[in-house]
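Scroll down for the structure; my scribbles are underneath it.
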Amino acid sequence: MAILRIQSEGTEDRIITLDQDETVIGRASDNAVTIEDPAASSRHCTILRKDNCFTLRDLNSTNGTYLNGGQVTEVPLAPGDVLTVGSVRMTLEGDDIDGASTVALTDTGPQDTIRTGPVRHAPPEFGVRKSRTGLWVFISIIIVLALAGLIYWFVSGIMG
Numbered sequence: 072m073a074i075l076r077i078q079s080e081g082t083e084d085r086i087i088t089l090d091q092d093e094t095v096i097g098r099a100s101d102n103a104v105t106i107e108d109p110a111a112s113s114r115h116c117t118i119l120r121k122d123n124c125f126t127l128r129d130l131n132s133t134n135g136t137y138l139n140g141g142q143v144t145e146v147p148l149a150p151g152d153v154l155t156v157g158s159v160r161m162t163l164e165g166d167d168i169d170g171a172s173t174v175a176l177t178d179t180g181p182q183d184t185i186r187t188g189p190v191r192h193a194p195p196e197f198g199v200r201k202s203r204t205g206l207w208v209f210i211s212i213i214i215v216l217a218l219a220g221l222i223y224w225f226v227s228g229i230m231g
C-alpha cells in the first residue's frame, strides 16, 4: 500500500493512503490533501495512480512543485521520492510501488515532461512575492504633486 508521509515544520507528521486514482494536493479545503502553507496554490499538484504506478503532476501552481529538489511539471514517482510544496515535504513510501513506468494519461496533455530552463534546486522560500506597496505610494505622491502644480499654475495664470 502506497502512503504519503507529510512533514511540516511545527506539526506532527501526517500519513495519507494513496488509494484513489487522483489525489489533489493544495490549500483548498476540498482537496484530498490540504496544505496550510501560503506558498501552496489552492490546487497545487496531483498524484495520479494506475495500478501500482504513480505520477506527480503540477497543476500550474504559482510557486512550482518540486521532486527531489528539482522543479517538475509531470514525472513518474518511485518509493522514497520527496515532493516539496512550499515548505511542506512529502515522502512517497510503500514496497508495492512500481517506479519504472508512468501512469498513462489519455486526455490531459504531455507526459513525462520536466520544466525546461534553469532548474531551481530548492523550493522558493516563504514570501516569494515581494510587496511593491512602497513603490505605488511613491508614484501616487509624485502624480498628486504634479497635478497640484499644474492646477496652481493654471489658476494663477487666469487670476493674474
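Each position in the sequence shown, counted from 1, maps to that position plus 71 in our numbering.
No residue lacks a Cβ here, since even glycine has one placed at the ideal position from N, Cα and C.
Rounded C-alpha distance that separates residue i from residue j
i	j	result
Thr144	Ile210	38 Å
Asp167	Thr94	18 Å
Arg98	Gly157	11 Å
Leu218	Met230	18 Å
Arg186	Leu138	Confidence at Arg186 is low in this model, with a pLDDT of 43, below 50, so its placement is unreliable and no value can be given for it.
Ile96	Gln142	16 Å
Ile222	Ile213	14 Å
Asn102	Arg114	7 Å
Thr155	Thr204	30 Å
Own chain partners of residue i with C-beta closer than 6 Å, once the 5 adjacent residues on each side are dropped
i	result
Ile87	Leu75, Val104
Glu83	none
Arg85	Ile77
Per DSSP, the bridge partner or partners of residue i
i	result
Asp167	Answer is none; Asp167 lacks a bridge partner.
Ile77	Arg85, Met161
Phe125	Arg120
Outcome for residue i when other beta-carbon atoms lying within 10 angstroms are tallied against a minimum of 16
i	result
Ile106	buried
Pro109	exposed
Asn134	buried
Phe225	exposed
Val146	buried
Ser227	exposed
Ser100	exposed
Cβ neighbours of residue i in the same chain (closer than 8 Å, five flanking residues each side left out)
i	result
Gly151	Thr162, Leu163, Glu164
Asp92	Leu119, Arg120, Lys121
Glu80	Ser158
Thr117	Glu93, Thr94, Val95, Ile96, Leu127, Arg128, Leu130
Chain-order list of residues whose beta-carbon lies under 7 Å from that of residue i (same chain, five-residue window excluded)
i	result
Asn123	Asp167, Ile168, Asp169
Ser132	Ser112, His115, Cys116
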